[in-house]
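Participant: One structure, pasted below without further comment.
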């Protein structure tokens, strides 16, 4: 599904919501990984090295993704590469579902109730596209 | 509406309009003056405040002249904009309705476009100034810059101009990296430009900044970017500090002052020791380094060779042989973060030392420098310490005596050495060279040579640098570098051994007097004597001689002629008379004394008339300086002058009377004073007639003929009330003094208080001091100890200001007496010795012998018998001079001494003779001293009855013990 499913207004709202999250991204990332390892302790061995670096990578990737939403080719290529690399990390389709849910939960908790439903729907559209594109990249035999 | 002129304080400092731009103001101080006016809220600053801001370490008097000069430079640099500045006698103002500054713009950011703001954010504020005042102004400017950046960036984002907002916030973040508002605006600008990633990076930078981790990041980045040529150099062992062989003389308090200046928190990073060659700058710098060694990381002494490459010589010192393409950078790298104090010696050898020192200090915040140079660096933050000659009696004379070595002391030898010190003018190098010459010459021979030519001071002393071995050669180098205008001014100044004020300098300087004086000060051939007010510009004696020797004869003659005219005109402005010897005039006399002396000698040499008017202005101060012999010699010449008037004659006689009085020749004094009175009567000067009459009575006071002297004072007071009312106060003080001797405390107090109350009408501070000192005895008699302490505290500064040996001597004598009564013998000795030092300087036998009584008693109190005996023997010559009061006291001291030594019979005999002598000659002693006589008499017991004791008997007794 092309990323162009998002309208310009939706992209603006996504970016604005992320901007608001920037000051708390460290906390969010930390909480995200804590919950991941609690729910899926089997993936912990794949995260070697400093967890802070891992957390930064997650937030960096989201920022880079949001920066490229208006350039679908660039964004999709980036996501496919990422998906391909994640095979080696042991990422399964179930794990993608869980990540999608966890990020939506994270966003939903940080915005007010009046816009939570609306905003999580838009984030949901984006994250579904992310999972599908990454999984597509994961299933490709070679790195493009 | 904007003003027509703008002062730029960021980047290059200057004044700009649409049509013109002025950015050059000749000196840094002129530029600073502009900045200070621009920064002041009203645009107006008092001259005194400006001078204080420009020369915080200098005396106000010395800065007024300089301020005028810098003001002139600033206005010159302002060109068409010079009308913006107005100056009154009180204040200097900038017309702020016509001028706005960068800071004014920042204070109103709504008027600022982003493009206008950006340079104000990126250019340095008050570029090149690193001292305290600039630091606080910079803080204020930074606050304004950040506030303006927030306002303008916010507006730019609202105007959909995120790029400008980003540029502004980034420039402002460099000023205040911890400002949250700026970071948020920068993040917003990044986001608006489509980069949440950059916004995220910005946020992380801010977070790191708050956590204090940026320093590490910058350090790492710096290390990564470090070019190969600034790799850490090999550590070199620095040469040790120079260790001069000879002792360091004097200047102890200056060393401590400089130490504190360099090591205190709010001290200075650059201290310049400035002065002529041979004044002892290098030696002083070494002593300061020794003093601070151990208080800082390390200290080092670096001599700057002639024509040195600025950074090269330092690099050679620190990194011997490790040549690099960027020596200054290498040095900065090497000395970075090192807590050190360096001496850079002889920095006048560099072409532009100021620039080099600025660069060095700017790059090394923990570096502190002492530089020695003949000229100041003239850069911001510099503390210039002008090194003057050594103090005459406490520093220069002991130095010469020690260098010459011990020989049998004699009064003549001591006097000759003192004269050599005067001829060397306290210049340490001259003293060393003179000491070397004294190995082959007798002091009098050297004096003769020195008077004939300054050339004499040359000696092969291997521990001195070659250039210092010949004084005149050294001076010639400095003189050769002067322009024609300055050379001419220097020749005129050389005629004034006592120096000139700016007002006098104006009479002979061609061109701008302040510019010429400033250049001459910078050349260090002239030094500013800031102990006097108004300031005096003076040549050291060896320089003065050298200038005159090099001068064309015709030019020198012309300069001397103008000097004589000037001094005669000055003398005529003071109407000589006792009622004019006010405090202020007393200072003027003293300041001009060496000039009047030189003028009289020159006038006598050239046969010029009207010399007496000069003499009348000279003799009071010469007398209090103990130059009796010179005065008598001068009198002998002057009394032969064909144009002498009765009044002139009266002054000569009166002066001679006082000279004889100082020598203890009281009868001669009385005769001369009476003759002087007749001369004044003949000339119709009633004031001086009364004065001379009182001088005539002086001998009676010293002979202790108090009833007679009191009666005479009564007559004189009555006479003065009619003929010279201004003299009444002085006479009453004298009478009060005699009354204290007699214990007539109430009457004494009335007279003395009257003297103080009316001192302004008479001798001013001098009379005040004399009456105050006498009142100490009254306070003591009434046991008003608190009052006594208060009076002592008031008198000390008054006497220091007066600087008159005569009054100081009276004060020291009084202090010694009180200490004796209290049984504090050490203090009594200290005061007596200090007093003797002064008396030796003033050469006054009366005071000299009187204080020796106190000294002998102080030594007996400390059981230092042989010293006490020697002092008693020294008092013996007072007796043949009919100073019988001293004779009685000396004999009592001797009796007490013998009693302490266990020779009780002898003690009783001596005391018996003392009392008989007192009785036979009807010798009264001051009541406090009478108490001492009584106590000795009581101690040594009953004494035999002695019928008569002559002066000869007592003289012999004191000599033989």
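Chains as they are written, first to last, in the numbering used here: chain R, -6 to 137; chain Y, 92 to 1052. We put the beta carbon where it would ideally sit given N, CA and C, even for glycine. Only a predicted model underlies this, so the values are computations on that prediction, with no experimental measurement involved.
1. In whole angstroms, give me the CA-to-CA distance for residue 275 (chain Y) and residue 59 (chain R).
2. Starting from residue 432 (chain Y), trace the alpha helix (DSSP H) both ways and give me its first and last residue.
3. For residue 1039 (chain Y), does the three-state DSSP call read helix, strand or coil?
4. Please work out which residues of its chain come closer than 7 Å, Cβ to Cβ, to residue 791 (chain Y), disregarding the five sequence neighbours upstream and downstream, and give them in chain order.
5. Measure from the alpha carbon of residue 771 (chain Y) to the alpha carbon of each residue in Y:928, Y:594, Y:741, Y:406, then state which is nearest.
6. Taking 8 Å as the threshold, find out whether the region 105 to 120 of chain Y comes into contact with the region 35 to 45 of chain R through three or more Cβ pairs.
7. Does the region 1016 to 1023 of chain Y come close enough to the region 971 to 987 of chain Y that 3 or more CB-CB pairs lie under 8 Å?
8. Using the Cβ count rule (16 or more neighbours within 10 Å means buried), how would you classify residue 687 (chain Y)?
9. Bridge partners of residue 73 (chain Y), per DSSP?
10. I believe residue 200 (chain Y) touches residue 101 (chain Y) by the beta-carbon criterion, under 8 Å. Please report the beta-carbon distance rounded to the nearest angstrom.
11. Tell me whether residue 849 (chain Y) sits in a helix, a strand or coil according to DSSP, three-state version.
12. With DSSP collapsed to three states, give me the class of residue 178 (chain Y).
13. Since residue 164 (chain Y) and residue 121 (chain Y) should fall inside the 8 Å C-beta cutoff, what is the C-beta to C-beta distance between them, to a whole number of angstroms?
14. If contact means a Cβ-Cβ distance below 9 Å, which residues of the region 3 to 15 of chain R contact chain Y?
15. For the beta strand (DSSP E) containing residue 464 (chain Y), name the first residue and the last one.
16. Give, in chain order, every residue of the region 56 to 84 of chain R whose Cβ lies closer than 7 Å to some Cβ of chain Y.
17. Check whether the Cβ atoms of residue 350 (chain Y) and residue 379 (chain Y) lie closer than 8 Å to each other.
18. So what's residue 8 (chain R) in DSSP terms, helix, strand or just coil?
19. Given that residue 53 (chain R) touches chain Y, what residues does it touch there, using C-beta distances under 8 Å?
20. Which same chain residues, not among the five before or five after residue 408 (chain Y), have their C-beta less than 8 Å away from its C-beta?
21. Look at residue 467 (chain Y) and residue 518 (chain Y) and say whether their C-beta atoms are less than 8 Å apart.
22. What residues in the region 234 to 260 of chain Y have a beta carbon less than 7 Å from any beta carbon of chain R?
23. Should residue 6 (chain R) and residue 115 (chain R) be called a contact, given that it needs their Cβ atoms to be closer than 8 Å?
24. Starting from the Cα of residue 590 (chain Y), find the closest Cα among Y:663, Y:690, Y:104, Y:764 and give me that residue.
25. In this structure, how does DSSP classify residue 475 (chain Y) when only helix, strand and coil are distinguished?
26. If you draw a straight line from the C-alpha of residue 810 (chain Y) to the C-alpha of residue 786 (chain Y), how long is it?
27. For residue 835 (chain Y), does the count of other Cβ atoms within 10 angstroms reach 16, so buried, or fall short, so exposed?
28. Measuring straight from C-alpha to C-alpha, what distance separates residue 1048 (chain Y) and residue 907 (chain Y)?
29. Comparing the C-beta of residue 313 (chain Y) with each C-beta of chain R, is any distance below 8 Å?
30. Let me know the secondary structure DSSP gives residue 734 (chain Y) once reduced to three states.
31. Note down, in chain order, every chain R residue with its Cβ under 7 Å from the Cβ of residue 272 (chain Y).
32. Skipping 5 residues on each side, what residues in its chain have a beta carbon closer than 6 Å to that of residue 962 (chain Y)?
33. Give a yes or no on whether 8 Å exceeds the smallest Cβ distance from residue 278 (chain Y) to chain R.
34. Is residue 363 (chain Y) helix, strand or coil when you go by DSSP?
35. Any beta carbon from chain R within less than 8 Å of residue 168 (chain Y)'s own beta carbon?
Facilitator: Inspection of the coordinates gives the following:
1. In the second chain, counting from the first residue as 1, residue 275 (chain Y) sits at position 184. In the first chain, counting from the first residue as 1, residue 59 (chain R) sits at position 66. If I take the Cα positions, the gap works out to 19 Å.
2. Numbered from its first residue, the second chain carries residue 432 (chain Y) at position 341. No alpha helix (DSSP H) holds residue 432 (chain Y); the beta strand (DSSP E) holding it covers 431 to 436.
3. Translated into the one-based positions of the second chain, residue 1039 (chain Y) becomes position 948. In the structure shown, residue 1039 (chain Y) sits in coil (DSSP, three-state: anything other than H, G, I, E or B).
4. Taking the first residue of the second chain as position 1, residue 791 (chain Y) is located at position 700. Around residue 791 (chain Y): 799, 800, 803.
5. Position 680 of the second chain, counted from the start, is the residue given in the question as residue 771 (chain Y). Looking at the Cα atoms, Y:741 is the closest of the given residues.
6. no
7. Yes, since at least three Cβ pairs between the region 971 to 987 of chain Y and the region 1016 to 1023 of chain Y fall closer than 8 Å, the two stretches touch.
8. Along the second chain, read from residue 1 onward, the residue named residue 687 (chain Y) stands at position 596. Result: buried.
9. Residue 73 (chain Y) cannot be examined here, being either before or after the span of chain Y that is shown, 92 to 1052.
10. Translated into the one-based positions of the second chain, residue 200 (chain Y) becomes position 109. Translated into the one-based positions of the second chain, residue 101 (chain Y) becomes position 10. That pair is no contact at about 15 Å.
11. Taking the first residue of the second chain as position 1, residue 849 (chain Y) is located at position 758. Residue 849 (chain Y): coil per DSSP, three-state reduction.
12. To locate residue 178 (chain Y), count along the second chain from 1; it is residue 87. Residue 178 (chain Y) falls in the strand class under three-state DSSP.
13. Residue 164 (chain Y) sits at position 73 when you count from the first residue of the second chain. Residue 121 (chain Y) sits at position 30 when you count from the first residue of the second chain. Residue 164 (chain Y) to residue 121 (chain Y), Cβ: 4 Å. Contact.
14. 8, 9, 11, 12, 15
15. Numbered from its first residue, the second chain carries residue 464 (chain Y) at position 373. Here the beta strand (DSSP E) through residue 464 (chain Y) covers 458 to 464.
16. Residues passing the 7 Å Cβ filter: 56, 57, 59, 60.
17. Here residue 350 (chain Y) is taken as the residue at index 259 of the second chain, counted from 1. Here residue 379 (chain Y) is taken as the residue at index 288 of the second chain, counted from 1. Yes, Cβ-Cβ distance for residue 350 (chain Y) and residue 379 (chain Y) is below 8 Å.
18. By one-based count along the first chain, residue 8 (chain R) stands at place 15. Three-state result, residue 8 (chain R): helix.
19. As a position in the first chain, residue 53 (chain R) is number 60, starting the count at 1. Within 8 Å Cβ-Cβ: 288, 291.
20. The sequence position of residue 408 (chain Y) within the second chain is 317, counting from 1. The answer, listed in chain order, is 329, 330, 391, 393.
21. As a working mapping, residue 467 (chain Y) is identified with position 376 in the second chain. As a working mapping, residue 518 (chain Y) is identified with position 427 in the second chain. Cβ distance not < 8 Å, so residue 467 (chain Y) and residue 518 (chain Y) don't count as in contact.
22. none
23. For the purposes of this step, residue 6 (chain R) is identified with residue 13 of the first chain, where counting begins at 1. For the purposes of this step, residue 115 (chain R) is identified with residue 122 of the first chain, where counting begins at 1. Yes; because the gap between Cβ atoms is below 8 Å, this pair is in contact.
24. Reading the second chain from its first residue, position 499 is the one you call residue 590 (chain Y). Nearest of Y:663, Y:690, Y:104, Y:764 to residue 590 (chain Y), Cα basis: Y:690.
25. By 1-based counting over the second chain, the position of residue 475 (chain Y) is 384. The answer is strand: DSSP assigns residue 475 (chain Y) an E or B state.
26. Here residue 810 (chain Y) corresponds to residue number 719 of the second chain, with the count starting at 1. Here residue 786 (chain Y) corresponds to residue number 695 of the second chain, with the count starting at 1. Each residue's Cα considered, the two are about 14 Å apart.
27. As a working note, residue 835 (chain Y) is residue 744 in the second chain. With a 10 Å radius around the Cβ and a threshold of 16 neighbouring Cβ atoms, residue 835 (chain Y) comes out buried.
28. Position 957 of the second chain, counting from 1, holds the residue named residue 1048 (chain Y). Position 816 of the second chain, counting from 1, holds the residue named residue 907 (chain Y). If you take the alpha carbons of residue 1048 (chain Y) and residue 907 (chain Y), they lie about 26 Å apart.
29. Locating residue 313 (chain Y) in the second chain gives position 222, counting from the first residue. Here residue 313 (chain Y) scores only 37 on pLDDT, less than 50, and its place in the model should not be relied on; the value that follows carries that caveat. No - not a single Cβ of chain R is within 8 Å of the one on residue 313 (chain Y).
30. Mapped onto the second chain, residue 734 (chain Y) falls at position 643. Residue 734 (chain Y): coil per DSSP, three-state reduction.
31. For the purposes of this step, residue 272 (chain Y) is identified with residue 181 of the second chain, where counting begins at 1. None at all; the shortest Cβ gap to chain R is about 14 Å.
32. The residue you call residue 962 (chain Y) lines up with position 871 of the second chain. Apart from the 5 residues on each side of it in sequence, residue 962 (chain Y) sits with its Cβ closer than 6 Å to the Cβ of 943, 946, 947 in its chain, given in chain order.
33. For the purposes of this step, residue 278 (chain Y) is identified with residue 187 of the second chain, where counting begins at 1. It does: the Cβ of residue 278 (chain Y) has a partner Cβ on chain R nearer than 8 Å.
34. Numbered from its first residue, the second chain carries residue 363 (chain Y) at position 272. In this structure, residue 363 (chain Y) counts as strand in the three-state DSSP scheme.
35. Counting from one through the second chain, the residue named residue 168 (chain Y) turns up at place 77. No - not a single Cβ of chain R is within 8 Å of the one on residue 168 (chain Y).
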